[in-house]
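What follows is a set of notes on a single structure, which appears directly below.
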Amino acid sequence: MSNPLSLYNSLTRQKEVFEPLHAGYVGLYVCGPTVYSDVHLGNCRTFTSFDIIYRYLMHKGFKVRYVRNITDVGHLTDEGEDKMSKGARLAKLEPMEVAQRYTVGFHDMMREFNNLPPNIEPRATGHIIEQIEMVQQILANGLAYEANGSVYFDVAAFNEKHGNEYGKLSGRKIDELLAESRELKAQSDKKNPSDFAIWMKATEDHILRWNSPWGEGFPGWHLECSAMSTKYLGEEFDIHGGGNDLKFPHHENEIAQNAGSCGCGGARYWLHTNMLLMNGRKMSKSDGNTITPQQLFTGDSPHVTDSYSPMMLRFFMLQTHYRSPMDLTDEALQAAKKGYQRLTEAWANLQELEGLGGAQNGTVGKELTEGLAAAYAEMDEDFNTPKALAKVFELVSRINALKGGQLSLKEVSKETLEDFKKGLGTLLFDVFGLRDEGEAAGASGETLGKVMDLVLDLRAQARAEKNWTMSDKLRDALNDAGIIVKDGKEGAEWTVG
RNA sequence: GGUCGGUUGGCCGAGUGGCUAGGCUCAGGUCUGCAAAACCUGCUACAGCGGUUCAAAUCCGCUACCGACCUCCA
């Protein structure tokens, strides 16, 4: 926890030094998915970004409570229909069955990407009481009004009372919002177009419904995050995150609801991740510009020429800053795949320097220590993973040179080497959250290893006898089987490519 | 139409008022029986036009283009 951590606060639009509300503790809330369909690849990017943020906060020594909700009610579709009940009707399933199915699918996908589970994963339907209470508070404060069984947040009244706070996060001007005479149908109950529902009256065919002081209905989408974040993290807490497409109206309304109910600030730092694009455009199902995580894993899509593993994709994400849009193209993925291989091979090479090392440090030893420190330091600059990764790649060259003999291990002390291994491993696996896929080879890997030892031993014999025909035959045959042989100073090595 | 953000070398992608990003590709070299890998070297960019400055890709203005949000969205 030595160096200060800076992060970009969307609320103030600048980088700020992070200071937790309570020393040593961090409350982190991230808007989770709506579980009415399979996870979108963009979700994966956002939650992976926050996973790295979560991991780094823990690495800094903070005790973090990470809350990420599951939205299983209240989120309206274009047709004004609840997403959960829509999915249910189409599939002839209970809403909770739909929610369960996609929640499980979501968790599976998070595991694929090696995202740690949050500490609390509250469901909107499990917090109806809290949400009703919040509506009551807002009503009691005179910042909402009931109309025809629904309750609307009164933006104009809120702004009068709270010094024109509404619009602060998204940079929207209340006058423009009010003046915006959008031709919205069925908004007759609202006083102003900018008002939003915090409780919705259930129509007759609406499946998900609860009793409330205003009749049967269900909570507005924006309300759940206000209710659940404050329940688990307090009326004021440290960090709130989400995709930047949620800034308005979702997060803006959330802030208003928090202030409108308890008069408290909510989150102090707002972090927003940028969108995932494909071929320079927004992913969209309607025009075919879309790809699922599964399709990337298998390569079964017209948009890609190859398959990409979850960890390779995670690496790809690390190469772009979380606040920049990330453009998914096959060409970029290809480049990243090779870069990722280079990184994992360097890590494997480093492990082979086991038990070696000189008596004291020369230039190389210092470079390793300083380079690693520089990589960590970049994480303190608003979680700058691309820059941290750049530092790591400078270290990759050093590692490979040590392995290849271009640099001497005498230049690196035993202690430095061991510290370096540990420190780099922590950065790659604990902070970046990459998984050492090499270790997961399992029993079949062991068998293959033994066979390969034998084959390479035979090939070495052939080479010693200058029997190049035999030697090359073995190499080519292995190549056909997808095994790449590399001849080094210390004999041949192989990788499954 | 309104609001906000972006435009970096062959591709991707960081970044700071003056000093090397990094990955991939490409070219040359070292090593090697050959190849691959690895290592070394090179390829030196910041949309256009103006302005501020001793100095700008980095600050300001205008233009062009792209994107996001304004309606469900991570």
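The first sequence lines up with residues 967 to 1463 when you count with the working numbering. Beta carbons: idealized from backbone N, C-alpha and C, even for Gly. If you're wondering where the values come from, they're calculated on a predicted model, not measured in any experiment.
Quick one: residues in its chain with C-beta nearer than 8 Å to the C-beta of R1148, no 5 flanking neighbours on either side, listed in chain order?
For the purposes of this step, residue 1148 is taken as residue 182 along the first sequence, with counting starting at 1. Confidence in R1148 is poor, its pLDDT being 44 and thus under 50, which makes the residue's placement too unreliable to answer from.
Does the distance from the CB of N1080 to the CB of M1277 come in under 8 Å?
Here residue 1080 refers to the residue found at position 114 of the first sequence. Here residue 1277 refers to the residue found at position 311 of the first sequence. Their beta carbons are under 8 Å apart, which means N1080 touches M1277 by this criterion.
What is the residue span of the alpha helix (DSSP H) that L1390 lies within?
For the purposes of this step, residue 1390 is taken as residue 424 along the first sequence, with counting starting at 1. It spans 1380-1391 - the alpha helix (DSSP H) in which L1390 sits, taken as one unbroken run.
Using the C-alpha atoms, what's the distance from G1027 back to A1340?
Start at 1 with the first residue of the first sequence, and residue 1340 comes out as number 374. Start at 1 with the first residue of the first sequence, and residue 1027 comes out as number 61. About 18 Å.
Which term fits Y1132, buried or exposed, when burial requires 16 or more other beta carbons within 10 angstroms of its beta carbon?
Counting from 1 along the first sequence, the entry for residue 1132 is found at position 166. Classification for Y1132: buried.
What does DSSP give as the partner residues of T1239 in its beta bridges?
The residue you call residue 1239 lines up with position 273 of the first sequence. Answer by DSSP bridge pairing, in chain order: G1209.
Considering only the beta carbon of each residue, do L1294 and L1242 sit closer than 8 Å?
As a first step, residue 1294 is located in the first sequence; it is residue number 328 there, counting from the start. As a first step, residue 1242 is located in the first sequence; it is residue number 276 there, counting from the start. Yes, these two residues count as a Cβ contact at 8 Å.
Under DSSP, the alpha helix (DSSP H) around G1331 begins and ends at which residues?
Counted from its first residue, the first sequence places residue 1331 at position 365. Start and end: 1329-1345.
Which residues in the same chain as T1239 place their Cβ atom closer than 8 Å to its Cβ, once the five residues preceding and following it in sequence are excluded?
Position 273 of the first sequence, counting from 1, holds the residue named residue 1239. Cβ within range, chain order: R1011, T1012, S1015, F1016, G1207, G1208, G1209, N1210, Y1288, R1289.
Beta-carbon separation of D1348 and L994 under 8 Å?
The sequence position of residue 1348 within the first sequence is 382, counting from 1. The sequence position of residue 994 within the first sequence is 28, counting from 1. No. Outside cutoff.
For Y1274, which three-state DSSP category applies?
Here residue 1274 refers to the residue found at position 308 of the first sequence. Three-state result, Y1274: coil.
Can you list, in chain order, the residues of its chain with a C-beta nearer than 7 Å to that of E1045? Leave out the 5 residues immediately preceding and following it.
Here residue 1045 refers to the residue found at position 79 of the first sequence. Confidence at E1045 is low in this model, with a pLDDT of 48, below 50, so its placement is unreliable and no value can be given for it.
C-alpha distance - A1351 paired with E1431, whole-angstrom precision:
Walking along the first sequence from the start, residue 1351 turns up at place 385. Walking along the first sequence from the start, residue 1431 turns up at place 465. Looking at the sequence itself, residue 1351 is Thr, so the reference to Ala does not match. Taking the straight line joining both Cα atoms gives about 49 Å.
Whole angstroms are fine: how far does the CA of D1266 sit from the CA of N1177?
Locating residue 1177 in the first sequence gives position 211, where the first residue counts as 1. Locating residue 1266 in the first sequence gives position 300, where the first residue counts as 1. Roughly 47 Å between the two C-alpha positions.
Give me the Cα-Cα distance between K1151 and D1004, rounded to the nearest whole angstrom.
Your numbering for residue 1151 matches position 185 in the first sequence. Your numbering for residue 1004 matches position 38 in the first sequence. Confidence at K1151 is low in this model, with a pLDDT of 43, below 50, so the placement of that residue should be treated as unreliable; the coordinate-derived value is given next. Using only the alpha carbons, I get a separation of about 30 Å.
Between K1167 and N1114, is the Cβ-Cβ spacing less than 8 Å?
Counted from its first residue, the first sequence places residue 1167 at position 201. Counted from its first residue, the first sequence places residue 1114 at position 148. For K1167 and N1114, yes; Cβs fall inside 8 Å.
Is there contact between the segment 1392-1404 and the segment 1307-1324, where contact requires at least three CB pairs shorter than 8 Å?
yes
Can you find the residues in the same chain that come closer than 6 Å, C-beta to C-beta, to L1299, ignoring five residues on each side of it along the sequence?
For the purposes of this step, residue 1299 is identified with residue 333 of the first sequence, where counting begins at 1. Excluding residues within five positions, the ones whose Cβ falls inside 6 Å are Y1274.
Within the same chain, show all residues whose beta-carbon is closer than 7 Å to that of L1355, passing over the 5 residues directly before and after it, in chain order.
In the first sequence, the residue the question calls residue 1355 occupies position 389. Only L1284, Q1285 meet the Cβ criterion.
Of the choices E1412, D1204, S1374, whose alpha-carbon is the least far from that of G1328?
Within the first sequence, residue 1328 is the residue found at index 362, counting from 1. Residue S1374 is the option with its Cα nearest to G1328.
When you compare only the Cα positions, how much space is there between Y1306 and F1398?
Counted from its first residue, the first sequence places residue 1306 at position 340. Counted from its first residue, the first sequence places residue 1398 at position 432. In a straight line, the C-alpha of Y1306 is about 13 Å away from that of F1398.
In the DSSP assignment, the beta strand (DSSP E) including T1435 goes from what residue to what residue?
Translated into the one-based positions of the first sequence, residue 1435 becomes position 469. Here T1435 belongs to no beta strand (DSSP E); instead the alpha helix (DSSP H) covers 1434-1446.
For L1322, collect the residues of the same chain with a Cβ closer than 6 Å to its Cβ; drop the 5 residues on either side in sequence, then sort them by chain order.
Against the first sequence, residue 1322 aligns to sequence position 356. The residues are L1375.
Would you mind reading off the limits of the beta strand (DSSP E) that contains D1293?
Numbered from its first residue, the first sequence carries residue 1293 at position 327. D1293 -> beta strand (DSSP E) spans 1292-1294.
Assuming S976 and K1213 are in contact, meaning their beta carbons sit under 8 Å apart, how far apart are those beta carbons, in whole angstroms?
In the first sequence, counting from the first residue as 1, residue 976 sits at position 10. In the first sequence, counting from the first residue as 1, residue 1213 sits at position 247. Correct: roughly 7 Å between the Cβ atoms.
Measuring only the C-alpha atoms, how far is G1071 from T1037?
To locate residue 1071, count along the first sequence from 1; it is residue 105. To locate residue 1037, count along the first sequence from 1; it is residue 71. Answer to the nearest angstrom: the Cα atoms are 14 Å apart.
Continuous beta strand (DSSP E) stretch holding V1005: start and end:
Taking the first sequence and counting its residues from 1, one reaches residue 1005 at position 39. It is not in any beta strand (DSSP E) - V1005 carries neither H nor E in the DSSP assignment.
Check whether L1223 and I1173 have beta carbons under 8 Å apart
Locating residue 1223 in the first sequence gives position 257, counting from the first residue. Locating residue 1173 in the first sequence gives position 207, counting from the first residue. Residue identity differs from the one stated: residue 1223 is Gln in this sequence, not Leu. No; because the gap between Cβ atoms is not below 8 Å, this pair is not in contact.
Member of E982, K1353, K1332 whose CA lies at the smallest distance from the CA of K1380:
On the first sequence, position 414 is the one that residue 1380 refers to. Cα-wise, what sits closest to K1380 is K1332.
Excluding the five sequence neighbours on either side, which residues of its own chain have a C-beta within less than 6 Å of the C-beta of R979, listed in chain order?
Against the first sequence, residue 979 aligns to sequence position 13. None.
N-terminal and C-terminal residue of the beta strand (DSSP E) that M1166 is part of:
Stepping through the first sequence from its first residue, residue 1166 is reached at position 200. M1166 -> beta strand (DSSP E) spans 1162-1167.
Mapping DSSP to helix, strand and coil, what is G1454?
Within the first sequence, numbered from 1, the residue matching residue 1454 stands at position 488. Correct three-state label for G1454: strand.
Does the distance from the CB of F1386 to the CB of G1226 come in under 8 Å?
Start at 1 with the first residue of the first sequence, and residue 1386 comes out as number 420. Start at 1 with the first residue of the first sequence, and residue 1226 comes out as number 260. Cβ atoms of F1386 and G1226: not closer than 8 Å.
For A1106, the first and last residue of its enclosing alpha helix (DSSP H)
As a working mapping, residue 1106 is identified with position 140 in the first sequence. Note, A1106: alpha helix (DSSP H), 1094-1106.
Beta-carbon separation of G1447 and A1426 under 8 Å?
Here residue 1447 refers to the residue found at position 481 of the first sequence. Here residue 1426 refers to the residue found at position 460 of the first sequence. For the sequence presented, residue 1447 should be read as Ala rather than Gly. No, these two residues do not count as a Cβ contact at 8 Å.
Tell me whether the beta-carbon of E1377 lies closer than 8 Å to the beta-carbon of V1330.
Translated into the one-based positions of the first sequence, residue 1377 becomes position 411. Translated into the one-based positions of the first sequence, residue 1330 becomes position 364. A contact, by the Cβ cut-off of 8 Å.
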